[in-house]
Amino acid sequence: MFLSAVLLGLCICFIVLQLRPRRPKNFPPGPPVLPIVGNILQLNLKNPLEDLEKLRKSYGNVYSLFLGRKPIVVINGVKAMKEAMVSKAAEFAGRPQDTLINDVTQRKGLFSVDYGASWKEHRRFSLMTMRNFGLGKKSMEERIHGEIQYTMKMLDKNIGKTLTPQVMFHNMASNIMCQVVFGTRYEYDDEFITTIVQSTTEITKICNGPWAMLYSSLPFIRKLPLPFNKAFKAVKRSSDLVLHLLNEHKKTRVPGEPRDFIDSYLDELDKKAEDSSFSEDQLIFTAIDLLFAGTDTTSNTLLTAFLYLMNHPHIQERCQQEIDRVLEGKDQVCFDDRHQMPYMQAVIYESQRIANTVPLSVSHNTTKDTELAGYSIPKDTRIIQNLTTVLNEEGQWKYPHEFNPENFLNDQGEFVKPDAFMPFSAGPRMCLGEGLARMELFLIMVTLLRKFKFIWPEDAGEPDYTPVFGITMTPRPYPMKVQHRL
Numbered sequence: 091m092f093l094s095a096v097l098l099g100l101c102i103c104f105i106v107l108q109l110r111p112r113r114p115k116n117f118p119p120g121p122p123v124l125p126i127v128g129n130i131l132q133l134n135l136k137n138p139l140e141d142l143e144k145l146r147k148s149y150g151n152v153y154s155l156f157l158g159r160k161p162i163v164v165i166n167g168v169k170a171m172k173e174a175m176v177s178k179a180a181e182f183a184g185r186p187q188d189t190l191i192n193d194v195t196q197r198k199g200l201f202s203v204d205y206g207a208s209w210k211e212h213r214r215f216s217l218m219t220m221r222n223f224g225l226g227k228k229s230m231e232e233r234i235h236g237e238i239q240y241t242m243k244m245l246d247k248n249i250g251k252t253l254t255p256q257v258m259f260h261n262m263a264s265n266i267m268c269q270v271v272f273g274t275r276y277e278y279d280d281e282f283i284t285t286i287v288q289s290t291t292e293i294t295k296i297c298n299g300p301w302a303m304l305y306s307s308l309p310f311i312r313k314l315p316l317p318f319n320k321a322f323k324a325v326k327r328s329s330d331l332v333l334h335l336l337n338e339h340k341k342t343r344v345p346g347e348p349r350d351f352i353d354s355y356l357d358e359l360d361k362k363a364e365d366s367s368f369s370e371d372q373l374i375f376t377a378i379d380l381l382f383a384g385t386d387t388t389s390n391t392l393l394t395a396f397l398y399l400m401n402h403p404h405i406q407e408r409c410q411q412e413i414d415r416v417l418e419g420k421d422q423v424c425f426d427d428r429h430q431m432p433y434m435q436a437v438i439y440e441s442q443r444i445a446n447t448v449p450l451s452v453s454h455n456t457t458k459d460t461e462l463a464g465y466s467i468p469k470d471t472r473i474i475q476n477l478t479t480v481l482n483e484e485g486q487w488k489y490p491h492e493f494n495p496e497n498f499l500n501d502q503g504e505f506v507k508p509d510a511f512m513p514f515s516a517g518p519r520m521c522l523g524e525g526l527a528r529m530e531l532f533l534i535m536v537t538l539l540r541k542f543k544f545i546w547p548e549d550a551g552e553p554d555y556t557p558v559f560g561i562t563m564t565p566r567p568y569p570m571k572v573q574h575r576l
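In the working numbering, the protein residues as written are 91 to 576.
This is the structure:
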């Protein structure tokens, strides 16, 4: 009996050791790994940022983890980030193909497609089409100003009252993207907008939460009726709505005279070559990607900006003084006015830095065997960019841990952009909506600050600056009071 027990124990130990993942030769260091689950138990899956920071302090700016049996390399700090995403951009530009977001989107759209001909074709087309519909042109400014007017009317009706601005900013950003993608805007209580907003919120919450990590790490749970199934349902709701719009466009379009992104894509399908990756399914998910990416990041940055401006009234007042001086005698602001508003620009960029809207970016994959910081990284290794460590890195910022526009001003008060500012990531996979986001943030904030004073309600208590973690970081709901400026 004793000998049998010893043999059984030895067999169990042998099996456990075999199940425990091993780091390849010269792989980045990291914490000890458990069999089957890897390092999952060492992370707070609801918000792993603090745990990732502790690991960075222990193992350096390039370290490794295992989620289940799969290795992940976490990149921290400006130096390592630039080496990977800029100097060796093509080698780190892949997308992991076994994550929840990939399965939810059926590996279609701009986020999920792996680095290759299809992705390059669609990114090139999307950039060109967005430019054709006014990205960086006067017509885009007019669309943004048109949408701002609806927000101004709503604020006018709520002068002196306490309101919560979350839905207001989300709908504003969403409607601007709807005009580019679908050629129309929607009333804020329209079923399309409310369903899209609810769906993207649901997808965001799940696809960067604990269930998404478990889904990717433990394949055997994927068929179980667990909460990650909500993401599939949310995407189905959104794709059904976009499919309906697509069918409407087919009935009303004039080939060669596109009104929006969908028409442009249908024109491309008309002249589709045999080896083209364009399809109606790809169109649906690319449209959803554009709408999602252009809504959450912009609205969350606006929410962050006004949260801090209300609680730093001296900064809000200085912005308004600069706005009054530059726009004196003008009916409305234009994007070119930013060159005469260094302080306002600094406040916007600082809001983006503090908002840290996509703290872990979107996961990358290595496309070939490569090296980083002297370590060997095999092909198809999942890469996580911890942008939090870049946007808060000591030595890169004058005030890395506080909201201070001086981070973007030199000694002469001129606007400067440090190398460490990369909220849209870097390299070929960086956010293609950066130009539109910059224009929206500037025109919206300047227009609202010119007319209104934003006040933290006296009975609201101390502000909570801690955001809710997800694919995008979302400020916690907060109250706002609005007054007309004299």
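All C-beta atoms, glycine included, are put in the ideal place defined by N, C-alpha and C.
From a predicted model like this one, the values you see are computed outputs, not experimental measurements.
Using the rule of at least 16 other Cβ atoms within 10 Å of the residue's Cβ for burial, across every protein chain shown, is Val536 buried or exposed? The residue given as residue 536 occupies position 446 in the sequence shown. The residue in question, Val536, is buried, as its Cβ has 16 or more Cβ neighbours within 10 Å.
Quiz item: Got a sec, what are the start and stop residues for the alpha helix (DSSP H) Asn192 sits in?
Solution: Against the sequence shown, residue 192 aligns to sequence position 102. Segment 190–194, the alpha helix (DSSP H) holding Asn192.
| field | Sequence-distant residues of the same chain with beta carbon closer than 7 Å to His235, five excluded per side | value | If you number the sequence shown from 1, residue 235 lands on position 145. Only Gln422, Leu533 meet the Cβ criterion.
task = Report buried or exposed for Asp386, applying the criterion of at least 16 other Cβ atoms within 10 angstroms of its Cβ.
result = Numbered from its first residue, the sequence shown carries residue 386 at position 296. Answer is buried; the Cβ neighbour count reaches 16.
What does a CB cutoff of less than 8 Å around Glu577 pick up in its chain, not counting 5 residues either side in sequence? Residue 577 falls outside the range modelled here, since the chain spans only 91 to 576, and no answer is possible.
TODO: Using only alpha-carbon positions, find the residue among Leu245, Met512, Ser216 that is nearest to Val168.
DONE: Stepping through the sequence shown from its first residue, residue 168 is reached at position 78. Considering only alpha carbons, the answer is Met512.
Val164: first and last residue of the uninterrupted beta strand (DSSP E) it sits in:
Locating residue 164 in the sequence shown gives position 74, where the first residue counts as 1. Unbroken beta strand (DSSP E) run through Val164: 160–166.
Subject >> Nonlocal neighbours in the same chain, by C-beta distance under 7 Å from Tyr149, ignoring five residues either side >> reply: Residue mapping note: residue 149 aligns to position 59 of the sequence shown, counting from 1. Result list for Tyr149: Pro119, Gly120, in chain order.
Where DSSP assigns a beta bridge to Ile474, which residues make up the other side? Walking along the sequence shown from the start, residue 474 turns up at place 384. According to DSSP, Ile474 bridges with Val164.
Could you tell me the distance, in whole angstroms, from the CA atom of Val106 to the CA atom of Asp549?
Along the sequence shown, read from residue 1 onward, the residue named residue 106 stands at position 16. Along the sequence shown, read from residue 1 onward, the residue named residue 549 stands at position 459. Low local confidence applies: a pLDDT of 44 at Val106 is under 50, so the model's placement there is unreliable, and no value is given.
Helix, strand or coil for Trp487 per DSSP?
-> As a working note, residue 487 is residue 397 in the sequence shown. Note: Trp487 maps to strand in three-state DSSP.
Cβ atoms of Val164 and Ile474: under 8 Å apart, would you say? Here residue 474 is taken as the residue at index 384 of the sequence shown, counted from 1. Here residue 164 is taken as the residue at index 74 of the sequence shown, counted from 1. Yes. Within cutoff.
Rounded to whole angstroms, how far is the Cβ of Tyr439 from the Cβ of Phe396, which I believe are closer than 8 Å? Against the sequence shown, residue 439 aligns to sequence position 349. Against the sequence shown, residue 396 aligns to sequence position 306. Not quite, the Cβ-Cβ distance comes to about 15 Å (not below 8 Å), so this is no contact.
- Just curious, the beta strand (DSSP E) that Lys543 is in, first and last residue? As a working note, residue 543 is residue 453 in the sequence shown. From DSSP, the beta strand (DSSP E) with Lys543 extends over 542–545.
Q.
Please state whether the Cβ-Cβ distance between Gly273 and Asp360 is less than 8 Å.
A. Walking along the sequence shown from the start, residue 273 turns up at place 183. Walking along the sequence shown from the start, residue 360 turns up at place 270. The answer is no: Cβ separation not under 8 Å.
(message) Distance check for Ile296 and Lys320, CA to CA, integer angstroms please.
(response) Translated into positions along the sequence shown, residue 320 becomes position 230. Translated into positions along the sequence shown, residue 296 becomes position 206. For Lys320 and Ile296, the distance between alpha carbons rounds to 8 Å.
Which partner residues does Tyr465 have in the DSSP bridge list?
Position 375 of the sequence shown holds residue 465. According to DSSP, Tyr465 bridges with Leu462.
Legend entry - Delimiting residues of the alpha helix (DSSP H) encompassing Gln372: As a first step, residue 372 is located in the sequence shown; it is residue number 282 there, counting from the start. Its alpha helix (DSSP H) spans residues 370–401.
Q. Does the beta-carbon distance from Val448 to Leu381 come in below 8 Å?
A. What you label residue 448 is simply residue 358 of the sequence shown in a count that begins at 1. What you label residue 381 is simply residue 291 of the sequence shown in a count that begins at 1. Against a cut-off of 8 Å, the Cβ pair of Leu381 and Val448 comes out as no contact.
**Request:** May I have the straight-line CA-CA distance separating Pro557 from Leu135, to the nearest angstrom?
**Result:** Against the sequence shown, residue 557 aligns to sequence position 467. Against the sequence shown, residue 135 aligns to sequence position 45. Whole-angstrom Cα-Cα distance: 15 Å.
task = Give me the Cβ distance between Phe318 and Trp301, rounded to the nearest whole Å; I'm assuming they're in contact under 8 Å.
result = Taking the first residue of the sequence shown as 1, we reach residue 318 at position 228. Taking the first residue of the sequence shown as 1, we reach residue 301 at position 211. So it is a contact: roughly 4 Å between Cβ atoms.
Point to revise | Collapsed DSSP secondary structure at Phe215 in the structure displayed | key: Here residue 215 is taken as the residue at index 125 of the sequence shown, counted from 1. Helix, per DSSP.
*Over what stretch of residues does the beta strand (DSSP E) that includes Leu155 continue unbroken?*
Within the sequence shown, numbered from 1, the residue matching residue 155 stands at position 65. It spans 152–157 - the beta strand (DSSP E) in which Leu155 sits, taken as one unbroken run.
### Query
Measuring CA to CA, which of Met244, Ile378, Ile311 is closest to Ser328?
Your numbering for residue 328 matches position 238 in the sequence shown. Here the closest residue by C-alpha is Ile378.
Below 6 Å CB to CB, which residues in the same chain sit around Pro255 once its five sequence neighbours on both sides are set aside?
Reading the sequence shown from its first residue, position 165 is the one you call residue 255. Correct list, in chain order: Met570.
message = For Gly503 and Leu417, I'd like the C-alpha separation in whole angstroms.
response = Residue numbering aside, residue 503 sits at position 413 when the sequence shown is read from its first letter. Residue numbering aside, residue 417 sits at position 327 when the sequence shown is read from its first letter. Answer to the nearest angstrom: the Cα atoms are 19 Å apart.
Could you check whether the Cβ of Leu380 sits closer than 8 Å to any Cβ belonging to chain B?
Protein chain content of the structure displayed is limited to a single chain, and chain B is not contained in it.
Going by DSSP, what residue range makes up the beta strand (DSSP E) through Lys507?
Reading the sequence shown from its first residue, position 417 is the one you call residue 507. It is not in any beta strand (DSSP E) - Lys507 carries neither H nor E in the DSSP assignment.
What three-state label does DSSP hand Thr252 in the structure shown?
-> Stepping through the sequence shown from its first residue, residue 252 is reached at position 162. It is a strand residue.
**Prompt:** Under a three-way DSSP split, which group does Lys571 fall into?
**Reply:** Working through the sequence shown from its first residue, we reach residue 571 at position 481. It is a strand residue.
Between Pro567 and the ligand HEM, is the CB less than 7 Å from at least one heavy atom?
Only the bare structure without any ligand can be found here, which leaves the ligand HEM out of the picture.
Query raised in the report: What residues in its chain sit with their C-beta under 8 Å from that of Asn137, if we drop five residues either side in the sequence?
Result: Position 47 of the sequence shown holds residue 137. Cβ neighbours of Asn137 beyond the five flanking positions: Phe559.
Item to check | Three-way DSSP call (helix, strand, coil) for Val480 in this model | outcome: Residue 480 sits at position 390 when you count from the first residue of the sequence shown. Helix, per DSSP.
- Inter-residue spacing [alpha-carbon to alpha-carbon] between Glu530 and Cys268: Position 440 of the sequence shown, counted from the start, is the residue given in the question as residue 530. Position 178 of the sequence shown, counted from the start, is the residue given in the question as residue 268. Taking the straight line from one Cα to the other gives about 14 Å.
Notebook entry, point to check: Is His491 near Phe542, with beta carbons less than 8 Å apart?
Noted result: Position 401 of the sequence shown, counted from the start, is the residue given in the question as residue 491. Position 452 of the sequence shown, counted from the start, is the residue given in the question as residue 542. No, Cβ-Cβ distance for His491 and Phe542 is not below 8 Å.
query: What residues in its chain sit with their C-beta under 7 Å from that of Pro432, if we drop five residues either side in the sequence?
result: For the purposes of this step, residue 432 is taken as residue 342 along the sequence shown, with counting starting at 1. Around Pro432: Leu499, Gly503, Glu504, Phe505.
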